[in-house]
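Chemist: Residues 8 to 657 in my numbering are what the sequence shown lists, from first letter to last. Where a beta carbon is used, it is the ideal one built from N, C-alpha and C, also for glycine. Sending over a structure as structure tokens; questions will come in a sec.
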Amino acid sequence: MLIRLLRTHLGPYRKPIALLVLLQFLQTCASLYLPTLNADIIDNGVVAGDTGYILRFGALMVGVSVVQVVCNIGAVFYGARTASALGRDVRAAVFDRVQSFSARELGHFGAPSLITRTTNDVQQIQMLVLMAFTLMVSAPIMCVGGIVMALGQDVPLSGVLLAVVPVLAVSVSLIVRRMRPLFRTMQERLDTVNRVLREQITGNRVIRAFVKDDYEEERFRGANAELTEVSMATGRLMALMFPVVMTVVNVSSVAVVWFGAHRIDSGGMQIGALTAFLAYLMQIVMAVMMATFMFMMVPRAEVCAERVEEVLATESSVVPPVKPVTTLHRRGHLEVRSADFRYPGAEESVLKDVRLEARPGETTAIIGSTGSGKSTLLGLVPRLFDATGGEVLVDGVDVRDLAPDLMARTVGLVPQKPYLFSGTVATNLEARPGETTAIIGSTGSGKSTLLGLVPRLFDATGGEVLVDGVDVRDLAPDLMARTVGLVPQKPYLFSGTVATNLRYGRPDATDEELWHALHVAQAADFVRNLEAGLNAPIAQGGTNVSGGQRQRLAIARTLVQRPEIYLFDDSFSALDYETDALLRAALARETADSTVVIVAQRVSTIRDADRIVVLDEGRVVGTGRHQELMADNETYREIVLSQLTEAEAA
């Protein structure tokens with residue numbers, strides 16, 4: 008994988024790589040020549056007392072040293088520039104591929120893993136390439152050249168080298184082999200740390216609402232400790248390698264000096280040759296150490312390359328058209344012909360033989376129960392995913408044949424995504440146990456902001472929010488968690504299972520309590536149909552369940568918590584009317600002795616509330632029951648009549 012990745016992305020940089028290799032070759036040759044020059048100066052200049060010889064060859068040594076330094080600087084410059092360019096290109100390639108992914112592929116990898124692969128994994132490959140550019144020529148040439156030059160100085164003494172090199176090679180290979188699986192584990196645990204951190208940032212409101220700060224801190228510490236554990240194991244192996252290498256180096260140096268002294272004493276070699284031999288020994292050992300350092304990086308880079316290649320080799324299920332259509336003769340005619348859609352690994356299709364036609368000048372509505380495939384059907388038009396059967400036509404052209412820019416100009420999608428609201432509230436509001444208080448208002452009127460003041464997602468800049476007569480700013484966090492249960496406007500589920508999400512507020516809840524909460528939330532049937540039931544996996548953010556299922560699981564999670572005050576922030580918006588009615592009826596029985604506050608846009612959700620509070624631009628403009636407000640409050644009346652007829656509103 009690593010070789011294939013490098014071969015693919017280093018192709019455009021052949022010229023700088025060739026220049027780099029040449030500079031490394033010249034620099035290494037200069038380094039190998041210097042000990043021989045030094046030996047000549049000692050034997051023929053210093054020993055003989057020939058000052059002229061010393062000056063001539065000393066000047067030559069200076070010139071060779073200058074060449075060595077210049078070539079080394081040039082090699083490092085080109086190596087760093089090429090490695091940086093490689094990192095840039097690989098990151099761009101991964102990003103481009105991820106941009107082409109549909110929701111199917113994004114769910115398969117997960118956002119934290121894709122971030123790690125694009126940043127950390129590419130950085131590891133880039134660092135290896137930089138080291139390789141610095142050492143790939145110099146290390147082997149210096150090792151082989153050093154042996155040849157050492158043989159030229161004294162053949163009998165070279166027996167020490169024959170013993171040293173195999174010992175170093177075996178030691179390094181054994182340690183590197185142990186490190187490879189550790190590097191793979193390290194990258195996987197780094198993914199886990201990123202995932203936990205991302206969940207804690209994204210799900211911050213849920214964490215604060217359930218006052219699970221300590222739990223999340225402990226969860227992050229656990230993931231961090233696991234990463235630290237494998238990092239320490241890798242570090243111990245790396246730390247072991249250098250003492251082993253240095254022990255071999257020092258023993259071999261002593262052996263060379265000892266045998267060399269005997270050779271000089273017997274007249275078999277000169278003093279300069281011994282100094283040169285020692286220099287070549289150190290060069291050989293340094294070459295082995297440099298190669299060792301690079302080999303230590305190879306296992307991790309190979310793992311990273313496999314992970315990057317896995318992304319690059321994944322083809323999007325939404326394939327761009329080979330011959331894209333760039334113009335349309337009609338405008339706005341949509342037709343769905345016998346469309347089927349099945350999620351990967353699912354036993355049944357979400358959509359089966361769907362036929363639909365929508366014409367310009369008309370409004371076509373799609374309605375169905377929760378999980379019936381409404382959003383999935385809509386997502387087929389802009390190609391969030393492609394139909395697994397049938398066709399989706401825009402102006403008579405299959406959407407799979409439309410050019411992307413033409414698609415963008417022709418189709419506009421407003422996704423099923425909750426909004427965040429801001430505003431202030433400047434009046435009094437009271438909610439009592441055993442009653443349901445509803446808050447309604449237009450978009451931006453401050454409904455969600457008002458609800459967020461209770462669990463202290465933020466604090467009021469004026470006035471007070473009291474729970475049982477106590478300012479919420481004075482409540483202990485654990486008491487707040489037991490007293491107030493919030494189902495946020497944007498339900499967030501953590502990666503894990505259905506059970507771990509439901510137990511988020513009460514870790515000791517039994518399976519029977521979980522199933523009871525699921526029954527009340529109208530979620531028991533779909534959970535029971537999952538292959539693993541309560542142990543069915545939930546992706547980060549709950550992306551592997553529909554919006555309605557996500558809302559019902561979030562409601563069930565709060566029911567398991569059993570707080571005294573329930574806050575529902577537009578928590579029924581993704582439910583069909585039948586499920587909404589069943590859920591509200593079950594909730595009314597379950598929360599009969601509790602305080603319930605509901606924020607809603609849908610009038611049918613709140614018309615039977617004991618008290619309805621009408622917000623407009625951050626102010627309460629009316630409070631009462633449905634009939635009272637219909638008679639006396641113009642703002643409420645406008646909201647109701649925008650959704651219901653006069654007869655339905657009566």
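Taking the alpha-carbon of residue 27 as reference, which of 315, 124, 79 has the nearest alpha-carbon?
Modeler: Sequence index remark: in the sequence shown, residue 27 carries index 20 (1-based). Taking only the C-alpha atoms, the option nearest residue 27 is 79.
Chemist: Could you check whether residue 308 and residue 132 sit closer than 8 Å to each other, using their CB atoms as the reference points?
Modeler: On the sequence shown, residue 132 is found 125 positions in, with the first residue counted as 1. On the sequence shown, residue 308 is found 301 positions in, with the first residue counted as 1. Yes, Cβ-Cβ distance for residue 132 and residue 308 is below 8 Å.
Chemist: Nearest-angstrom Cα distance between residue 34 and residue 90?
Modeler: Counting from 1 along the sequence shown, the entry for residue 34 is found at position 27. Counting from 1 along the sequence shown, the entry for residue 90 is found at position 83. Computed Cα separation, rounded: 20 Å.
Chemist: If you reduce the DSSP assignment to three classes, tell me which class residue 144 lands in.
Modeler: Looking up residue 144 in the sequence shown gives position 137. In this structure, residue 144 counts as coil in the three-state DSSP scheme.
Chemist: Could you compute how far the alpha carbon of residue 425 sits from the alpha carbon of residue 497?
Modeler: Position 418 of the sequence shown, counting from 1, holds the residue named residue 425. Position 490 of the sequence shown, counting from 1, holds the residue named residue 497. Note that residue 425 scores 38 on pLDDT, short of 50, meaning its location in the model is unreliable and no value can be drawn from it.
Chemist: Tell me whether residue 611 sits in a helix, a strand or coil according to DSSP, three-state version.
Modeler: As a first step, residue 611 is located in the sequence shown; it is residue number 604 there, counting from the start. Helix.
Chemist: In the DSSP assignment, find the unbroken alpha helix (DSSP H) run with residue 345 in it and report its ends.
Modeler: Stepping through the sequence shown from its first residue, residue 345 is reached at position 338. Counting along the chain, residue 345 falls outside any alpha helix (DSSP H), though it belongs to the beta strand (DSSP E) covering 341-348.
Chemist: Just reading off the beta strand (DSSP E) that residue 454 is part of, what are its end residues?
Modeler: Taking the first residue of the sequence shown as 1, we reach residue 454 at position 447. Not the beta strand (DSSP E): residue 454 falls in the alpha helix (DSSP H), residues 454-459.
Chemist: Between which two residues does the beta strand (DSSP E) containing residue 630 stretch?
Modeler: By one-based count along the sequence shown, residue 630 stands at place 623. First-last of the beta strand (DSSP E) with residue 630: 626-631.
Chemist: Just to confirm the assignment, what range does the beta strand (DSSP E) spanning residue 391 have?
Modeler: Counted from its first residue, the sequence shown places residue 391 at position 384. Where residue 391 is concerned, there is no enclosing beta strand (DSSP E), given that its DSSP letter is neither H nor E.
Chemist: Which of the three DSSP states, helix, strand or coil, is assigned to residue 492?
Modeler: What you label residue 492 is simply residue 485 of the sequence shown in a count that begins at 1. Three-state DSSP puts residue 492 in a strand.
Chemist: Which value, in whole angstroms, describes the spacing of the CA atoms of residue 434 and residue 626?
Modeler: Counting from one through the sequence shown, the residue named residue 434 turns up at place 427. Counting from one through the sequence shown, the residue named residue 626 turns up at place 619. Low confidence applies here, because residue 434 scores a pLDDT of 41, under 50, leaving its location unreliable and the question unanswered by this model.
Chemist: Would a C-beta distance cut-off of 8 Å place residue 546 and residue 114 closer than the cut-off?
Modeler: Residue 546 sits at position 539 when you count from the first residue of the sequence shown. Residue 114 sits at position 107 when you count from the first residue of the sequence shown. Contact flag set, yes.
Chemist: Look at residue 214 and residue 223 and say whether their C-beta atoms are less than 8 Å apart.
Modeler: Here residue 214 corresponds to residue number 207 of the sequence shown, with the count starting at 1. Here residue 223 corresponds to residue number 216 of the sequence shown, with the count starting at 1. Contact: yes.
Chemist: Under three-state DSSP, which class holds residue 510?
Modeler: Position 503 of the sequence shown, counting from 1, holds the residue named residue 510. If DSSP states are grouped into helix, strand and coil, residue 510 belongs with coil.
Chemist: Looking at C-alpha atoms only, which residue of 45, 228, 31, 108 is the closest neighbour of residue 392?
Modeler: Along the sequence shown, read from residue 1 onward, the residue named residue 392 stands at position 385. Answer by Cα proximity: 108.
Chemist: I want to know whether the region 404-416 touches the region 576-591 - three or more CB-CB distances under 8 Å.
Modeler: no
Chemist: In chain order, which alpha helix (DSSP H) runs of at least 4 residues are fully inside the region 145-230?
Modeler: 145-160, 166-209, 211-216
Chemist: How many whole angstroms separate the CB atoms of residue 387 and residue 399, which I take to be in contact at a CB cut-off of 8 Å?
Modeler: Taking the first residue of the sequence shown as position 1, residue 387 is located at position 380. Taking the first residue of the sequence shown as position 1, residue 399 is located at position 392. That pair is a contact at about 5 Å.
Chemist: If you draw a straight line from the alpha carbon of residue 622 to that of residue 599, how long is it in whole angstroms?
Modeler: Along the sequence shown, read from residue 1 onward, the residue named residue 622 stands at position 615. Along the sequence shown, read from residue 1 onward, the residue named residue 599 stands at position 592. Whole-angstrom Cα-Cα distance: 25 Å.
Chemist: Apart from the five residues just before and just after residue 665, which ones in its own chain have a Cβ nearer than 6 Å to its Cβ?
Modeler: The requested residue 665 does not occur in the structure, where the chain is confined to residues 8 to 657.
Chemist: Name the residue from 529, 517, 586, 630 whose alpha carbon lies nearest to the alpha carbon of residue 568.
Modeler: For the purposes of this step, residue 568 is taken as residue 561 along the sequence shown, with counting starting at 1. Answer by Cα proximity: 517.
Chemist: Excluding sequence positions up to five away, which residues of its chain have a Cβ less than 7 Å from the Cβ of residue 32?
Modeler: As a first step, residue 32 must be located in the sequence shown, where it is residue number 25. If we look at residue 32 and ignore the five residues flanking it on each side, its Cβ neighbours are 144, 148.
Chemist: Apart from the five residues just before and just after residue 236, which ones in its own chain have a Cβ nearer than 7 Å to its Cβ?
Modeler: Counting from one through the sequence shown, the residue named residue 236 turns up at place 229. Taking C-beta separations shorter than 7 Å and ignoring five residues to either side along the sequence, residue 236 has no partners in its chain.
Chemist: So, with DSSP's three-state summary, where would you put residue 397?
Modeler: Counting from 1 along the sequence shown, the entry for residue 397 is found at position 390. Strand, per DSSP.
Chemist: Given 8 Å as the limit, is there contact between the region 58-74 and the region 161-174, that is, 3 or more CB pairs closer than that?
Modeler: no
Chemist: From the DSSP secondary-structure annotation, give me the bridge partner or partners of residue 364.
Modeler: Here the question's residue 364 lines up with position 357 in the sequence shown. In the DSSP output, where bridge partners are listed per residue, residue 364 has 342.
Chemist: Pull up the distance between the alpha-carbon of residue 427 and that of residue 128, whole angstroms please.
Modeler: Here residue 427 refers to the residue found at position 420 when the sequence shown is read from its first residue. Here residue 128 refers to the residue found at position 121 when the sequence shown is read from its first residue. Because the pLDDT at residue 427 is just 29, under 50, the model does not fix this residue reliably, and the value given afterwards should be weighed accordingly. So the two alpha carbons sit approximately 35 Å from each other.
Chemist: Cα separation between residue 458 and residue 230?
Modeler: Position 451 of the sequence shown, counting from 1, holds the residue named residue 458. Position 223 of the sequence shown, counting from 1, holds the residue named residue 230. Using only the alpha carbons, I get a separation of about 33 Å.
Chemist: Could you check the C-alpha separation between residue 274 and residue 158 for me, to the nearest Å?
Modeler: By one-based count along the sequence shown, residue 274 stands at place 267. By one-based count along the sequence shown, residue 158 stands at place 151. Going from the Cα of residue 274 to the Cα of residue 158 covers about 17 Å.
Chemist: Since residue 302 sits in a beta bridge, which residues does DSSP pair it with?
Modeler: Numbered from 1 along the sequence shown, position 295 holds the residue referred to as residue 302. Per DSSP, none; premise fails for residue 302.
Chemist: Mapping the DSSP letters down to three states, classify residue 116 as helix, strand or coil.
Modeler: Position 109 of the sequence shown, counted from the start, is the residue given in the question as residue 116. Three-state DSSP puts residue 116 in a helix.
Chemist: The beta strand (DSSP E) spanning residue 444 covers which residue range?
Modeler: On the sequence shown, position 437 is the one that residue 444 refers to. Residues 443-448.
Chemist: What are the residues that DSSP puts in a beta bridge with residue 23?
Modeler: In the sequence shown, the residue the question calls residue 23 occupies position 16. Answer is none; residue 23 lacks a bridge partner.
Chemist: Along the chain, where does the beta strand (DSSP E) containing residue 618 start, and where does it finish?
Modeler: Along the sequence shown, one-based indexing puts residue 618 at 611. Unbroken beta strand (DSSP E) run through residue 618: 618-623.
Chemist: Applying the 10 Å Cβ sphere with the 16-neighbour rule, what's the burial state of residue 247?
Modeler: Start at 1 with the first residue of the sequence shown, and residue 247 comes out as number 240. That one is exposed.
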